[in-house]
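Below you'll find the structure, written out as structure tokens, and then a few comments.
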Amino acid sequence: MFKDFFSALMEGKLIGVKCKDCEEITCPPKSTCNNCGSRNLERIELSGKGKVVSYTATYVAPLGYDGEVPYVVAIVELDEGAWIVGRLDVDAEKADKEDLIGKRVEVYGKEFPTEQFYPDKQRRVVPMFRIVE
Ligand SMILES: [Zn+2]
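Numbering (numbering that gives the first Met the number 0), first residue to last: 0 to 132.
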């Protein structure tokens, strides 16, 4: 049910699950509701739009991510209410100088090189957010 999250993301689509018991939306999809723990879920396509809640620029790479710094990691509140972690498609120095909290964003997927710690053949797709206002 959830295996297509990353392939959908590469097509600019964001998949989540909606709880049939409490209406909570969970994204990325999980097998249980983030709010009530129910397994009574349905797969839904989300708008992929939301706003920046918080972010930080990363200048020192975690092991295996050497070629990717600097980058900006953000928490985004989707219009449907779920919070998701992704990367913000902005220059890290710009992110440090400007206040981007509350900015409207939309999602897309970006595939990164599979680094040394990933099992063979596993794709590494990251939710990216571009600022739209
Ligand atoms: Zn629930």
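A virtual CB, placed ideally from N, CA and C, is assigned to each residue, including glycine.
If you measure from the CB of residue i, is any heavy atom of ligand 3 nearer than 7 angstroms?
| i | result |
| --- | --- |
| residue 90 | The ligand content of the structure shown is limited to ligand 1, which means ligand 3 is not among them. |
What three-state label does DSSP hand residue i in the structure shown?
| i | result |
| --- | --- |
| residue 63 | coil |
| residue 53 | strand |
| residue 68 | coil |
| residue 76 | strand |
Please classify residue i as buried or exposed, where buried requires at least 16 other C-beta atoms within 10 Å of its C-beta.
| i | result |
| --- | --- |
| residue 54 | buried |
| residue 73 | buried |
| residue 68 | exposed |
| residue 0 | In this prediction, residue 0 has a pLDDT of 47, which is less than 50 and means its spatial position is unreliable; what the coordinates show is noted afterwards. Classification for residue 0: exposed. |
| residue 21 | exposed |
| residue 3 | exposed |
Taking Cβ to Cβ, would you say residue i is nearer than 8 angstroms to residue j?
| i | j | result |
| --- | --- | --- |
| residue 126 | residue 8 | yes |
| residue 100 | residue 52 | yes |
| residue 131 | residue 86 | no |
| residue 34 | residue 23 | yes |
| residue 26 | residue 83 | yes |
| residue 5 | residue 75 | no |
| residue 29 | residue 78 | no |
| residue 124 | residue 105 | no |
Under the DSSP definition of a beta bridge, which residues are partnered with residue i?
| i | result |
| --- | --- |
| residue 122 | Answer is none; residue 122 lacks a bridge partner. |
Those runs of the beta strand (DSSP E) which lie wholly inside the stretch 78-111 and span at least 3 residues: Uninterrupted beta strand (DSSP E) stretches at least 3 residues long and entirely within the stretch 78-111 occur at 82-87, 103-111, given in chain order.
Within the stretch 0-49, note down every full beta strand (DSSP E) run reaching 3 residues or more, in order along the chain. DSSP runs (the beta strand (DSSP E)) wholly in the stretch 0-49: 13-18, 40-45.
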